[in-house]
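**Student:** In numbering that gives the first Met the number 0, the protein residues as written are 0 to 285. We treat Cβ as the ideally placed atom computed from N, Cα and C, and that holds for glycine.
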Amino acid sequence: MRTANLSDRLVLVAGEHALDVERASAGRFAADPAAVFDRWAEFVEWAGTVDVESHADAVAFAPADLKAPSPRPRQIIAVGLNYADHARESGLAIPSHPVVFTKFASAVTGPDADVRLPGDTVDWEVELVVVIGAGGRSIPVDEARERIAGYTVGQDLSERTVQWRGEPAQFSMGKSFEGFAPTGPVVVTLDEFDDPDRLSLTTTIVSADGTESRVQDGSTAELIFPIADLISRLSHTVELLPGDLVFTGTPPGVGAGMKPPRFLVDGDTLITEIGGIGRITQRFHA
0 MRTANLSDRL
10 VLVAGEHALD
20 VERASAGRFA
30 ADPAAVFDRW
40 AEFVEWAGTV
50 DVESHADAVA
60 FAPADLKAPS
70 PRPRQIIAVG
80 LNYADHARES
90 GLAIPSHPVV
100 FTKFASAVTG
110 PDADVRLPGD
120 TVDWEVELVV
130 VIGAGGRSIP
140 VDEARERIAG
150 YTVGQDLSER
160 TVQWRGEPAQ
170 FSMGKSFEGF
180 APTGPVVVTL
190 DEFDDPDRLS
200 LTTTIVSADG
210 TESRVQDGST
220 AELIFPIADL
230 ISRLSHTVEL
240 LPGDLVFTGT
250 PPGVGAGMKP
260 PRFLVDGDTL
270 ITEIGGIGRI
280 TQRFHA
């Protein structure tokens with residue numbers, strides 16, 4: 000199942016068509032995309048009876064009209080250094096416990112967005128983002144998948160100068176400028192994947208002159224802390240709430256790790272894609 004936020008309304012998506020959930024369910028589920036996560040199990044059961052592609056009310060939609068699929072998460076939890084090669088390119092030790100910080104919720108934006116560059120050291124980080132369904136506390140590893148609504152694509156954009164300013168570093172501040180948490184285009188339930196633990200992740204930069212550079216190319220099979228383990232670990236400290244977002248870490252290829260370092264500049268377009276989910280696009284402006 001694929002759900003999305005189409006012009007601030009919850010929809011089911013199949014191919015190039017979308018079905019408005021409030022109308023199709025005769026009001027059983029609200030149009031608000033954020034509200035569905037509190038009733039996720041009930042919603043999934045209902046959605047399993049619906050064939051979007053053959054439904055009379057399904058309509059074609061423009062991808063540019065999609066917005067953040069979980070538009071008002073109460074918590075955004077992000078995990079750093081969750082790929083060994085990224086830890087090495089950062090010059091940091093491979094962690095024995097998850098390195099956790101937050102991105103503030105005001106940074107959330109949709110899958111197709113214009114982002115203002117607040118400085119000259121803005122970096123990219125493709126990330127698989129877990130959208131929480133039932134959530135909870137102290138979740139056993141073997142029950143973690145049941146508490147997840149699905150996966151979506153995210154970029155953990157980072158202003159590196161701000162991130163590393165002072166001692167201790169200001170991770171959350173450097174990663175929470177306006178538009179620095181783009182997500183989308185859809186939430187995909189785990190049953191849709193052949194192997195939900197082995198998804199490809201790529202980041203491509205298209206410069207203003209049209210030059211394309213593939214800067215990240217990884218797989219979630221390389222996660223140090225796999226998704227179920229990560230969700231369980233987090234839940235033993237934090238109560239995971241419906242609609243929360245968990246950014247799970249980035250593979251190598253970030254700009255700060257290049258020699259010389261490379262950062263996003265005015266006119267760049269960032270294309271981020273995860274296999275089985277889709278792509279998101281951000282355009283950057285001074």
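Please state if the CB of G132 and the CB of F36 are separated by a distance shorter than 8 Å.
**Tutor:** Closer than 8 Å, so yes.
**Student:** Pairs of beta-carbons, one from the segment 48-61 and one from the segment 189-207, closer than 8 Å: are there three or more?
**Tutor:** Because the criterion of three Cβ pairs below 8 Å is not met, the segment 48-61 and the segment 189-207 do not touch.
**Student:** Using the Cβ count rule (16 or more neighbours within 10 Å means buried), how would you classify G90?
**Tutor:** So G90 counts as exposed.
**Student:** Can you name the residues that DSSP bridges to I273?
**Tutor:** DSSP lists L200 and G277 as partners of I273.
**Student:** Based on the DSSP output, what are the partners of S306 in its beta bridges?
**Tutor:** Because the chain spans 0 through 285 in this model, residue 306 falls outside it and cannot be assessed.
**Student:** Mind checking whether R278 and D113 have CB atoms under 8 Å apart?
**Tutor:** No.
**Student:** So, using beta-carbon positions, are P181 and G109 closer together than 8 Å?
**Tutor:** Yes, they are a contact pair.
**Student:** Can you tell me where the beta strand (DSSP E) with Q74 in it begins and where it stops?
**Tutor:** It is not in any beta strand (DSSP E) - Q74 carries neither H nor E in the DSSP assignment.
**Student:** For W123 and A92, what's the separation of their Cα atoms in angstroms?
**Tutor:** The straight-line gap from Cα to Cα measures roughly 21 Å.
**Student:** Among G153, F179, A143 and D141, whose alpha-carbon lies nearest the alpha-carbon of R288?
**Tutor:** With the chain covering only 0 through 285, there is no way to say anything about residue 288.
**Student:** On a CA-only basis, which of V43, D190 and P251 is nearest D84? Give me that one, please.
**Tutor:** That would be P251, whose Cα lies nearest to the Cα of D84.
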